[in-house]
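Take a look at the structure set out below.
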Amino acid sequence: EQASNSVLYLDGVSVSFDGFKALNSLSLVLKPGEMRAIIGPNGAGKTTMMDVITGKTRPDEGEIYFDGAVDLTRLDEADIAELGIGRKFQKPTVFESQTVLDNLELALKTPRGPFATLFHRSSAQERARIDTLLEQIRLTGRRDELAANLSHGQKQWLEIGMLLAQDPKLMLVDEPAAGMTDAETAETATMLKEINKTRSVVVVEHDMTFVRDLGVKVTVLHEGSVLAEGALDHVSADPRVVEVYLGR
Ligand code: ADP
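With positions in the sequence shown counted from 1, the corresponding number in the UniProt record's numbering is that position plus 2.
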């Protein structure tokens, strides 16, 4: 079965709010190690899709499986996070009055779930892990800076680092490039490609330059289901996709 060969498998997922179908029989398959970009106009269902995967919203219909055989529709948000699905929301929520280092230490000490507390890292291991994280998020030179003094883009990176500290198998990232400079946007694409070497990633993004930089398969959502899927050049040449974007 296809679900058993996927890190994430959605089939026929529907969600209604007061009779309005925010998701309408949505299907999506992510292979282990894959990174996927999700695009689509406002109201297409991108946020609701992230919400049903993370257990924030329960689907009315359909199947959602993680890591082959784990039925996510039966689990709550905390259980799903513990299984290794990490989500980065659009707005960074770092601790502004703490340093970059403090933020990462805090994230490392925050268990993903009750079993994570069984691991006792030595301080040497923890320092090595933090050094690696700082390099991954391009903040090695700013480790002792207060988070409040970082640029908006750097705060996004710090939050990505805090998520990485939890070592999720699947990372869901909501509009990471929003509000970033062009240079930060390009760096973020490179960063996510590096991160994707060790885990699966789903990125919701509006910035087409960024999506192009990622160079991964794109899924276009519209009215709660998949309108088109494939390489960015392929889907952006699809007349239905053009109509959905230009028709608004
Ligand atoms: P996107 O993230 O692609 O912009 P959303 O998933 O936020 O789309 O929304 C899809 C549709 O569902 C929108 O029309 C939105 O108004 C509606 N919607 C989302 N969440 C709720 C909710 N909690 N209650 C009512 N309607 C909602």
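For every residue, glycine included, the Cβ atom is placed at its ideal position computed from N, Cα and C.
Any chance the CB of residue i is under 7 Å from a heavy atom of the ligand ADP?
{"i": "F97", "result": "no"}
{"i": "A179", "result": "no"}
{"i": "G42", "result": "yes"}
{"i": "V91", "result": "Reading off the sequence, residue 91 comes out as Phe, not Val. Outside the cutoff, so no."}
{"i": "A80", "result": "no"}
{"i": "F19", "result": "yes"}
{"i": "K58", "result": "no"}
{"i": "K50", "result": "The identity of residue 50 in the sequence shown is Thr, whereas the question assumes Lys. Yes, the Cβ of T50 comes within 7 Å of a heavy atom of the ligand ADP."}
{"i": "G64", "result": "no"}
{"i": "A24", "result": "yes"}
{"i": "G47", "result": "yes"}
State the beta-bridge partners of residue i as determined by DSSP.
{"i": "D176", "result": "V206"}
{"i": "S27", "result": "DSSP, once it has assigned bridges, lists no residue as partnering S27."}
{"i": "G88", "result": "M173"}
{"i": "L103", "result": "Paired residues: none, contrary to the question."}
{"i": "F19", "result": "F22"}
{"i": "L12", "result": "L30 and I66"}
{"i": "L223", "result": "V228"}
{"i": "I41", "result": "V222"}
{"i": "D73", "result": "Y67"}
State the Cα-Cα distance for the pair residue i and residue j, rounded to the nearest angstrom.
{"i": "S238", "j": "M182", "result": "23 Å"}
{"i": "V213", "j": "G57", "result": "26 Å"}
{"i": "T211", "j": "D184", "result": "9 Å"}
{"i": "Q138", "j": "P170", "result": "15 Å"}
{"i": "R144", "j": "P113", "result": "25 Å"}
{"i": "G83", "j": "V244", "result": "Inspection of the sequence shows that residue 83 is occupied by Ala rather than by Gly. Approximately 36 Å between the Cα atoms of the pair."}
{"i": "E98", "j": "P241", "result": "45 Å"}
{"i": "A24", "j": "K93", "result": "22 Å"}
{"i": "F19", "j": "P34", "result": "32 Å"}
{"i": "L120", "j": "L106", "result": "Confidence at L120 is low in this model, with a pLDDT of 47, below 50, so its placement is unreliable and no value can be given for it."}
{"i": "T190", "j": "A179", "result": "7 Å"}
{"i": "P116", "j": "A80", "result": "For P116, the predicted model reports a pLDDT of 48, less than 50, meaning its position is unreliable; a value from the coordinates is still stated below. Taking the straight line joining both Cα atoms gives about 10 Å."}
{"i": "K219", "j": "T101", "result": "36 Å"}
{"i": "A71", "j": "Y11", "result": "9 Å"}
{"i": "V228", "j": "V54", "result": "16 Å"}
{"i": "A46", "j": "Y247", "result": "11 Å"}
{"i": "G163", "j": "R140", "result": "10 Å"}
{"i": "L148", "j": "L165", "result": "18 Å"}
{"i": "D146", "j": "H154", "result": "17 Å"}
{"i": "N44", "j": "S6", "result": "32 Å"}
Rounded to the nearest angstrom, how far is the Cβ of residue i from that of residue j, given a contact under 8 Å?
{"i": "M37", "j": "N198", "result": "4 Å"}
{"i": "D209", "j": "A188", "result": "About 11 Å; that fails the 8 Å criterion."}
{"i": "A167", "j": "L110", "result": "5 Å"}
Requested in this report: Decide if the stretch 73-88 is in contact with the stretch 21-35; the criterion is three or more beta carbon pairs, one per stretch, under 8 Å apart.
Outcome: no
Query raised in the report: Counting Cβ pairs, one atom from each stretch, are 3 or more of them under 8 Å apart for the stretch 3-21 and the stretch 53-71?
Result: yes
Query raised in the report: Taking three-plus beta-carbon pairs below 8 Å as touching, is the stretch 126-141 in contact with the stretch 65-75?
Result: no
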